[in-house]
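Residue numbers (the numbering used here), protein chains in the order written: chain A, 13 to 279; chain B, 13 to 279; chain C, 13 to 279.
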Amino acid sequence: MFVTFLTDFGLQDDFVGVCHGVIKRIAPEAEIVDITHGIAPQAVLQGALALANTLPYMPDGVHLAVVDPGVGGNRRAIALRSGSGRHFVGPDNGLLIPAAERMGGIAAVHELTNPAYMLEPVSRTFHARDVFAPAAAHIASGVRLGEFGPPVDPELLVRIDLGEPDLGTARIRATVIAVDRFGNVQLNLTRAHLEQIGIEPGIKVELELGFDRYYAVAARTFADARKGEIVLYEDSYRNVSVAINGGNAAQMFVVKPGREVRIRIAG
Amino acid sequence: MFVTFLTDFGLQDDFVGVCHGVIKRIAPEAEIVDITHGIAPQAVLQGALALANTLPYMPDGVHLAVVDPGVGGNRRAIALRSGSGRHFVGPDNGLLIPAAERMGGIAAVHELTNPAYMLEPVSRTFHARDVFAPAAAHIASGVRLGEFGPPVDPELLVRIDLGEPDLGTARIRATVIAVDRFGNVQLNLTRAHLEQIGIEPGIKVELELGFDRYYAVAARTFADARKGEIVLYEDSYRNVSVAINGGNAAQMFVVKPGREVRIRIAG
Amino acid sequence: MFVTFLTDFGLQDDFVGVCHGVIKRIAPEAEIVDITHGIAPQAVLQGALALANTLPYMPDGVHLAVVDPGVGGNRRAIALRSGSGRHFVGPDNGLLIPAAERMGGIAAVHELTNPAYMLEPVSRTFHARDVFAPAAAHIASGVRLGEFGPPVDPELLVRIDLGEPDLGTARIRATVIAVDRFGNVQLNLTRAHLEQIGIEPGIKVELELGFDRYYAVAARTFADARKGEIVLYEDSYRNVSVAINGGNAAQMFVVKPGREVRIRIAG
Numbered sequence: 013m014f015v016t017f018l019t020d021f022g023l024q025d026d027f028v029g030v031c032h033g034v035i036k037r038i039a040p041e042a043e044i045v046d047i048t049h050g051i052a053p054q055a056v057l058q059g060a061l062a063l064a065n066t067l068p069y070m071p072d073g074v075h076l077a078v079v080d081p082g083v084g085g086n087r088r089a090i091a092l093r094s095g096s097g098r099h100f101v102g103p104d105n106g107l108l109i110p111a112a113e114r115m116g117g118i119a120a121v122h123e124l125t126n127p128a129y130m131l132e133p134v135s136r137t138f139h140a141r142d143v144f145a146p147a148a149a150h151i152a153s154g155v156r157l158g159e160f161g162p163p164v165d166p167e168l169l170v171r172i173d174l175g176e177p178d179l180g181t182a183r184i185r186a187t188v189i190a191v192d193r194f195g196n197v198q199l200n201l202t203r204a205h206l207e208q209i210g211i212e213p214g215i216k217v218e219l220e221l222g223f224d225r226y227y228a229v230a231a232r233t234f235a236d237a238r239k240g241e242i243v244l245y246e247d248s249y250r251n252v253s254v255a256i257n258g259g260n261a262a263q264m265f266v267v268k269p270g271r272e273v274r275i276r277i278a279g
Numbered sequence: 013m014f015v016t017f018l019t020d021f022g023l024q025d026d027f028v029g030v031c032h033g034v035i036k037r038i039a040p041e042a043e044i045v046d047i048t049h050g051i052a053p054q055a056v057l058q059g060a061l062a063l064a065n066t067l068p069y070m071p072d073g074v075h076l077a078v079v080d081p082g083v084g085g086n087r088r089a090i091a092l093r094s095g096s097g098r099h100f101v102g103p104d105n106g107l108l109i110p111a112a113e114r115m116g117g118i119a120a121v122h123e124l125t126n127p128a129y130m131l132e133p134v135s136r137t138f139h140a141r142d143v144f145a146p147a148a149a150h151i152a153s154g155v156r157l158g159e160f161g162p163p164v165d166p167e168l169l170v171r172i173d174l175g176e177p178d179l180g181t182a183r184i185r186a187t188v189i190a191v192d193r194f195g196n197v198q199l200n201l202t203r204a205h206l207e208q209i210g211i212e213p214g215i216k217v218e219l220e221l222g223f224d225r226y227y228a229v230a231a232r233t234f235a236d237a238r239k240g241e242i243v244l245y246e247d248s249y250r251n252v253s254v255a256i257n258g259g260n261a262a263q264m265f266v267v268k269p270g271r272e273v274r275i276r277i278a279g
Numbered sequence: 013m014f015v016t017f018l019t020d021f022g023l024q025d026d027f028v029g030v031c032h033g034v035i036k037r038i039a040p041e042a043e044i045v046d047i048t049h050g051i052a053p054q055a056v057l058q059g060a061l062a063l064a065n066t067l068p069y070m071p072d073g074v075h076l077a078v079v080d081p082g083v084g085g086n087r088r089a090i091a092l093r094s095g096s097g098r099h100f101v102g103p104d105n106g107l108l109i110p111a112a113e114r115m116g117g118i119a120a121v122h123e124l125t126n127p128a129y130m131l132e133p134v135s136r137t138f139h140a141r142d143v144f145a146p147a148a149a150h151i152a153s154g155v156r157l158g159e160f161g162p163p164v165d166p167e168l169l170v171r172i173d174l175g176e177p178d179l180g181t182a183r184i185r186a187t188v189i190a191v192d193r194f195g196n197v198q199l200n201l202t203r204a205h206l207e208q209i210g211i212e213p214g215i216k217v218e219l220e221l222g223f224d225r226y227y228a229v230a231a232r233t234f235a236d237a238r239k240g241e242i243v244l245y246e247d248s249y250r251n252v253s254v255a256i257n258g259g260n261a262a263q264m265f266v267v268k269p270g271r272e273v274r275i276r277i278a279g
């Protein structure tokens, strides 16, 4: 049985390693696939989209995800089963919802309240270790969701604003979702959004970030652009991203997740 | 059989990957759990405490740890067995001792001198690959400690100063042990130390770092503090840490491991 | 069956995790060993040398490597078998050649063109996920090279300039290949090069970087040098490296891969 694992813990500390240990003590046969632990600290939206984007590439199993600014407060801990039979474990802050919806929707949700499946005493600040990793391991070992605690009405789960772009007749207001190692800047846009205002491969566009303006070209891929050119393209998860061919767009624009980017046809 | 692995190698280079390869060539059935490779370079104390803190969460097995400023010199390479039957492999510089003591004390120690269990020729600078990882893999495969070399009197092992805090009647001099990804600052203190000078949750305290002073509040967890407040709390390993609710304490204080922090009740 | 994995993807993003998922969906029994994902972005030479250096320490299997500045262009995707029966998968840009040559030379090469062994639709920018990882997983599952596409003449593969040093009678012009986490600076030199101009352990040498000159000492290992001394030594892969005993050479010299270093006997 596979357990996939996504967090904002980074790999500098021992948080991820400890959760691996906890899972292996409970379910020695479980095999862990680390999706990423590089979600920006407490960036629930980025984590939710990364989980939804990557899940179709993951083997069936239990999908453990922890980006949890509300740890120690009163947010619920949950396990849920999707329509396609995948299991998810994490905080009830919206993190799991987009992935579960891509996997057949939410079929059942249970709150994690049964201390028999936690590490006691449960710490105030490390529920990944004490609550979530044990639950994922027990599900991988065959424990049924109903054992963990009472059912929760899926309608009552916390959802996050996915930040739909603002589409005008000739202009789009988009938001930066994430920046990758190569400095490519992922927006909350798909190709369909661009096409709605007439942006197709080959078209020159103007990008506005704060008071700065840049010319860019819409393209199918980096390779269609000249060295140094700014490119607006569909990335490998079918999101629209901004890149500089041979350069680092995030450094040049000094952008971070959450920043607004305005796009219009140049000319 | 599990092999857990903790180092200061980081993940940028191929040091960790090569050790995984070496272990798998010798013991293909061994399963490796990476505790962390983010110990600060050559920080033996930080490594020793991380190993001791995390070991209770790790499955039984061979515990390989390498933070080794003395590589290439004349420090011993050792394998030891704890009273509870766990095996440890690493340099004789104190790194393994606190963890072994938590696991039932040191039952037996052998020096790693038998070239049959090393990769020849042994390099001067990469004993993790040539000496320690092979030993861990051979132990995981069933080789007994006595095969590796002569026994060592546990009393003769190198120990590290764990840096006990200095407790006055109204003041504590503590030392920073580690800083995590979220900027939380771990001290060489437990809640019992705080209670000895009357610091309990809810009490206001003064922190002195160099010439700077800050007000903080003793709390059970982040969630008990207001946004932006400095908090002194018991972390998930039961050490006392300093954090800023919603902020980065290490950046604000510009602290590093080894720095002194003085704490007293405010007012 | 083992699949080793080396890239320039870093671990901040989900690129590596997604490839793990893809491999596990196709070949659940395959075991992945991550050699490193810290190759500098698009540094094909550094990746090729890291693969060649580390492969002797890796278990037999399929060796997947992706450092691929030409993705989305017209470079070939290939799988090859070495004389010793190891399999390699990656882009045809020279990355795989030095490792394959150390493993008995190139016995057979096939281009990856068969869509039956790709994830469809193949993205323009993430062939690691859509082309290379699936091929590695299918080879691990027993698919023969001939199934993936037409054979390629090994003579027609792209090769990289390994950057041989320039050896004068009393001076060497070398190039920085890589910098590790400890700031040690790896050069494209072996001990034999140093000996050709008379540099042996104990000899004082002068290093020139740009307009700066530094005195250093040739040594067998760090431990032979005094604290703070600059050392020219044979590293654990038998390359010559520059280090500062107890310090960070790369920070002091402000060097990056590709930078020229001139070495001569001092005095």
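Positions of the beta carbon are idealized from the N, C-alpha and C atoms, including for glycine. Predicted model only: the values in this text are computed from it and were never measured.
Item: Cross-chain neighbours of B/G29 in chain C, by beta carbon under 7 Å; Value: V45, D46, I47, T48, T66
Item: Burial state of A/P146 (16 or more Cβ within 10 Å); Value: buried
Item: Helix, strand or coil at B/I38 [DSSP, three-state]; Value: helix
Item: A/C31 versus C/P68: straight-line alpha-carbon distance, rounded; Value: 32 Å
Item: Backbone secondary structure at A/P146 - three-state DSSP; Value: helix
Item: Pairwise C-alpha distance: C/P103 and C/G180; Value: 36 Å
Item: Of the residues A/L219, A/A237, A/A62, the one placed nearest A/G258, counting alpha carbons only; Value: A/A237
Item: Exposure label - A/V266; buried when at least 16 CB within 10 Å; Value: exposed
Item: Through-space distance from B/F17 to A/A39, alpha-carbon basis; Value: 19 Å
Item: Cα-Cα separation between B/A228 and B/A255, rounded to whole angstroms; Value: 9 Å
Item: Within 8 Å, strictly: CB atoms of B/A64 and B/A140; Value: no
Item: Interface positions of the stretch 81-108 of chain A facing chain B (Cβ-Cβ less than 7 Å), listed along the chain; Value: G84, G85
Item: Chain B contacts made by the stretch 167-193 of chain C, where a contact means CB separation under 7 Å; Value: D192, R193
Item: CB of C/I47 within 8 Å of CB of C/M70, strictly; Value: yes
Item: Chain C contact for B/E24 (CB, 8 Å cutoff); Value: What sits at residue 24 of chain B in the sequence shown is Gln, not Glu. Yes, because at least one Cβ of chain C sits closer than 8 Å to the Cβ of B/Q24.
Item: Cα-Cα separation, A/E212 to A/R203; Value: 8 Å
Item: Sequence ranges, alpha helix (DSSP H) only - wholly within the stretch 15-91 of chain A, length at least 4; Value: 27-38, 56-66
Item: One or two residues paired with A/F100 in a DSSP bridge; Value: A/H75, A/L92
Item: Those residues which DSSP pairs with C/R250 across a bridge; Value: C/R250 pairs with nothing; no bridge assigned.
Item: Neighbouring residues, chain A, relative to B/T233 (Cβ below 7 Å); Value: G84, R136, T137
Item: B/V121: CB within 7 Å of a non-hydrogen atom of the ligand ATP; Value: The ligand ATP is not part of the structure shown, which contains no ligands of any sort.
Item: Exposure label - A/A128; buried when at least 16 CB within 10 Å; Value: exposed
Item: Of the listed residues B/I90, B/E220, B/I51, B/S96, nearest to B/L108 (C-alpha basis); Value: B/I90
Item: Amino acids of chain B, ordered along the chain, whose beta-carbon sits closer than 7 Å to that of A/P40; Value: P71
Item: Cβ of C/K216 within 8 Å of any chain A Cβ; Value: no
Item: Neighbouring residues, chain B, relative to C/S3 (Cβ below 8 Å); Value: For residue 3 of chain C there is no data in the structure shown, the boundaries of chain C being 13 and 279.
Item: Cβ contact check for the stretch 215-224 of chain B and the stretch 159-172 of chain B: 3 or more pairs under 8 Å; Value: no
Item: Bridge-paired residues (DSSP) for C/Y226; Value: C/L219
Item: Close Cβ partners of C/P177 (< 8 Å) along its chain, the five nearest in sequence each way excluded; Value: I184, R185, A186, T187, L199, N200, L201, H205
Item: Pick from A/A42, A/F27, A/D72 that is closest to A/G50, judged by C-alpha positions; Value: A/F27
Item: Where the beta strand (DSSP E) through C/R114 begins and ends; Value: Careful: C/R114 lies outside any beta strand (DSSP E), inside the alpha helix (DSSP H) at 109-114.
Item: Residues that DSSP places opposite C/A120 in a beta bridge; Value: C/R93
Item: Beta-carbon contacts of C/E43 that lie in its chain and below 6 Å, excluding the five residues immediately before and after; Value: F14
Item: Cutoff 6 Å; reference A/T125; Cβ partners in own chain excluding five residues on either side; Value: G161
Item: Close Cβ partners of C/I118 (< 7 Å) along its chain, the five nearest in sequence each way excluded; Value: L92, S94, A112, P166
Item: Any chain C beta carbon closer than 8 Å to A/A261; Value: no
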